[in-house]
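The opening position of the sequence shown corresponds to residue 268 in my numbering, with each subsequent residue numbered one higher. Below is one structure, written out as structure tokens; the observations come after it.
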Amino acid sequence: MNYIRKYGHWVISIYIAVIFLDSLRFKFTNAPETQVIFGKLDAWADTFGGGGIFSQTGLFSQYVIGSAELVASVLILAGLFLGYKTMHGLGALIGVAVMTGAISFHLFTPLGIDPNNDGGGLFFAAIGVWLGSIAIAFMRRKELLKLGCGVVGSVLSK
């Protein structure tokens, strides 16, 4: 148990960063797999009048999502290696946000769990990153709460 407490956050953090950073080669190069996923989402959004929101220049394009994953990875790894617990927690919160969206779109849109015939690997990786991000955010809850209180206090004092 002591081993898990001492090194668990390292394993989880590196897992999250590897998954996020590996996905960037698909998102930032406009790979066919990415075109399928974001194309299905954009077609679905178009039925509600939101066409273009998932296109390459849309609000939730592969580039925007990939950039959020890159920022989360940098914060998680920098926080981990440099010992900045708040930074580590912020990266995890971004990871939770991005993966909550990914999981929701897999479950509640025509995208489905297996959009690229990979046996659901992408979906299950998203669940793993989501759970890992929640775990890191929980481990860093004191630092995140302190940051949140500081931000709220700063806003209210103006």
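For each residue, glycine too, the CB sits at the ideal point set by N, CA and C.
- Which whole-angstrom value describes the C-beta separation of isoleucine 283 and glycine 362, a residue pair presumed to lie in contact below a C-beta threshold of 8 Å? Numbered from its first residue, the sequence shown carries residue 283 at position 16. Numbered from its first residue, the sequence shown carries residue 362 at position 95. The pair is a contact, with the Cβ atoms about 6 Å apart (cut-off 8 Å).
- Message: Quick check: the region 333-344 against the region 317-324, are at least 3 beta-carbon pairs closer than 8 Å?
- Response: no
- Message: Please state the DSSP three-state secondary structure of lysine 425.
- Response: One-based indexing of the sequence shown puts residue 425 at position 158. Coil at lysine 425, not helix or strand.
- Figure out for me which residue from Gly316, Phe391, Phe390, Lys294 has the closest Cα to the Cα of isoleucine 332. Counting from 1 along the sequence shown, the entry for residue 332 is found at position 65. Of the listed residues, the one whose Cα sits closest to isoleucine 332 is Lys294.
- Query: Among residues of its own chain, excluding the 5 on either side of phenylalanine 372, which ones have a beta-carbon nearer than 7 Å to its beta-carbon?
  - Reply: Locating residue 372 in the sequence shown gives position 105, counting from the first residue. Closer than 7 Å at the Cβ level, and outside the excluded window around phenylalanine 372, lie Leu308, Leu378.
- Task: Output the distance between the C-alpha atoms of alanine 312 and glycine 318, rounded to the nearest integer angstrom.
- Result: Looking up residue 312 in the sequence shown gives position 45. Looking up residue 318 in the sequence shown gives position 51. Rounded to whole angstroms, alanine 312 to glycine 318 spans 5 Å at the Cα level.
- Message: Less than 7 Å between the beta carbons of serine 400 and alanine 369, yes or no?
- Response: Translated into positions along the sequence shown, residue 400 becomes position 133. Translated into positions along the sequence shown, residue 369 becomes position 102. No, they are not a contact pair.
- Measuring CB to CB, does alanine 402 end up less than 7 Å from glycine 356? Walking along the sequence shown from the start, residue 402 turns up at place 135. Walking along the sequence shown from the start, residue 356 turns up at place 89. Going by C-beta atoms, alanine 402 is not nearer than 7 Å to glycine 356.
- Item | Where the alpha helix (DSSP H) through serine 400 begins and ends | Working through the sequence shown from its first residue, we reach residue 400 at position 133. Counting along the chain, the alpha helix (DSSP H) containing serine 400 begins and ends at 388-406.
- Could you tell me the boundaries of the alpha helix (DSSP H) in which leucine 347 lies? For the purposes of this step, residue 347 is taken as residue 80 along the sequence shown, with counting starting at 1. 329-349 is the extent of the alpha helix (DSSP H) around leucine 347.
- Check: serine 424 C-beta below 6 Å from any heavy atom of the ligand PLP: The model depicted lacks the ligand PLP and carries no ligand whatsoever.
- Task: Report the option in Glu410, Cys416, Thr376, Lys409 whose CA atom is closest to the CA atom of phenylalanine 315.
- Result: As a position in the sequence shown, residue 315 is number 48, starting the count at 1. The residue with the shortest Cα to Cα distance from phenylalanine 315 is Thr376.
- Message: If I measure Cβ to Cβ from glutamine 329 and keep anything under 6 Å in the same chain, skipping five residues before and after, which residues do I get?
- Response: Residue mapping note: residue 329 aligns to position 62 of the sequence shown, counting from 1. Around glutamine 329: Lys294, Thr301, Phe305.
- Message: Please state the DSSP three-state secondary structure of asparagine 269.
- Response: The residue given as residue 269 occupies position 2 in the sequence shown. Helix.
- Message: Does alanine 359 come out as helix, strand or coil in the three-state DSSP assignment?
- Response: Here the question's residue 359 lines up with position 92 in the sequence shown. Reduced to three states, the DSSP call for alanine 359 is helix.
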